[in-house]
Amino acid sequence: MVSVLVVFVVSLVWIFSVSNDVVATQIYTIDVVNEYHHDPGAFSQGLIYAGNDTLYESTGLYKKSSVRKVHLQTGKIEVFHKMGDSWFGEGMTLLGDRLFQVTWLNKKGYIYDQNNLSQIGSFQHQMKDGWGLATDGKVLFGSDGTSSLYAINPVNFEVIKRVTVKYEDREVHYLNELEYINGEVWANVWVTDCIARISPKDGRVLSWVFLPQLRQHLLTSGHTKIDVLNGIAWDEENKRIFVTGKLWPKLYEIKLRPITEQLNKNTMDMCSPPKIIHRM
């Protein structure tokens, strides 16, 4: 979602000390495999890998929202669709040859042709708002900024199932951009450096991925105008994971590495944001 008035910095101090939060292989850090150019003006809301070095991206902000087709290796925008000035683009997913996109602060979504990004339809959904979208090839999975994860019929857009996402019996709010990976729904948790790996069957958080080093590296490199981590894409054929963020100049291919030591902070303290004040 949009920027915050209260700066909320989630940083891991990688000093493994005595802690009440015993970490097994359900907690992962990451190694960077590759870095790619990413448009630093893209307020990333949805990210999709579609094969053949092709990415699709949905971006937000009023008067700046867009849908774009991007070449992975170069970061070049190959096809660009600018949305109307009154729309704030949010999450997007690819099902068949159609891109489905939701928008912020309303229940309207758009459908685009995969090849030329022309708008070929629209829809109304039943979520409280539009934040994230993903698909398993059969249904759409949606988030609305709460702790709810929705399974949605892609034909009539009715909610098939809604589960509450929880970690150790505590609800995980601010679920944002989504990606479906190997039977799990991966979700950026807004304003944190965390990705929750969720069971779409019952909403349990199966594991966490911590990525604070990406944003910290950008900040120390002088990229002080970046916003939060947001954007997950999965290359199913080659088993590659890509991530980026809002207004980030880089897109990263990452590899997960389990943490088997103890962390010096409680997981929920790092991955559950405080009360947020929105800024337009």
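Position 106 (the sequence shown) corresponds to 1189 in our numbering; numbering is contiguous.
Backbone N, C-alpha and C fix where the C-beta goes; we use that ideal spot for every residue, glycine too.
It should be emphasised that the depicted structure is a prediction, and the values quoted were computed from it without experimental measurement.
Could you tell me how far apart the beta carbons of residue i and residue j are, in whole angstroms, since I believe they sit closer than 8 Å?
i	j	result
N1199	V1153	N1199 to V1153, Cβ: 15 Å. No contact.
G1192	E1260	The pair is not a contact, with the Cβ atoms about 15 Å apart (cut-off 8 Å).
N1368	E1320	Past the edges of the chain, shown from 1084 to 1363, lies residue 1368, and the structure says nothing about it.
T1249	G1204	Here residue 1249 turns out to be Lys, not Thr, going by the sequence shown. No, K1249 and G1204 are not in contact; Cβ-Cβ is about 35 Å, not under 8 Å.
H1300	P1332	With a Cβ gap of about 11 Å, H1300 and P1332 do not count as contacting.
Is it the case that the Cβ atoms of residue i and residue j are separated by a distance below 8 Å?
i	j	result
V1292	V1255	no
L1312	V1268	no
G1225	M1210	yes
I1131	L1294	no
R1266	R1298	Correcting the residue type first, residue 1266 is Gly in the shown sequence and not Arg. Against a cut-off of 8 Å, the Cβ pair of R1298 and G1266 comes out as no contact.
V1242	Y1257	no
L1177	Q1197	yes
D1310	L1330	yes
M1353	T1303	no
F1183	G1143	no
Where does residue i sit, in a helix, a strand or coil, going by DSSP?
i	result
D1114	strand
L1297	helix
L1144	coil
D1252	coil
D1352	helix
L1200	coil
L1216	strand
L1302	helix
G1179	coil
N1271	strand
S1127	strand
T1343	coil
H1121	coil
G1134	coil
K1159	coil
Q1109	coil
G1167	coil
Among residues of its own chain, excluding the 5 on either side of residue i, which ones have a beta-carbon nearer than 7 Å to its beta-carbon?
i	result
D1168	Y1145 and K1146
A1316	L1130, I1131, Y1132, L1138, E1262 and F1325
G1134	E1320
N1236	V1222 and I1243
T1218	T1176, L1178, F1224 and Y1263
Leaving out the 5 sequence neighbours to the left and right, which residues in its chain are closer than 8 Å to residue i when beta-carbon positions are compared?
i	result
H1164	S1149, V1150, R1151, Y1195, L1200, S1201 and Q1202
G1158	Y1119, H1120, H1121, D1122 and L1334
K1284	V1246
Once you ignore the five residues that flank residue i on each side, which residues in its own chain have a CB closer than 6 Å to its CB?
i	result
V1185	E1173, G1174, G1192, G1213 and L1216
R1181	I1194
R1280	E1267, W1269, L1289 and S1290
F1240	F1206 and H1208
S1230	T1247, V1248, E1254, V1255 and H1256
S1141	Q1128, G1129, V1150, G1172, M1175 and Q1184
For residue i, which residues does DSSP report across the bridge?
i	result
N1259	None; N1259 has no bridge partner.
K1191	Q1207
D1318	R1323
A1234	F1224 and K1244
I1309	BP columns for I1309 are empty, so no partner.
A1372	For the chain, the structure presents residues 1084 to 1363; residue 1372 sits outside this window and is missing.
G1172	T1186
Could one say the Cβ of residue i lies closer than 8 Å to chain D's Cβ atoms, at least one of them?
i	result
I1278	No chain D appears in the structure shown, which is made up of a single protein chain.
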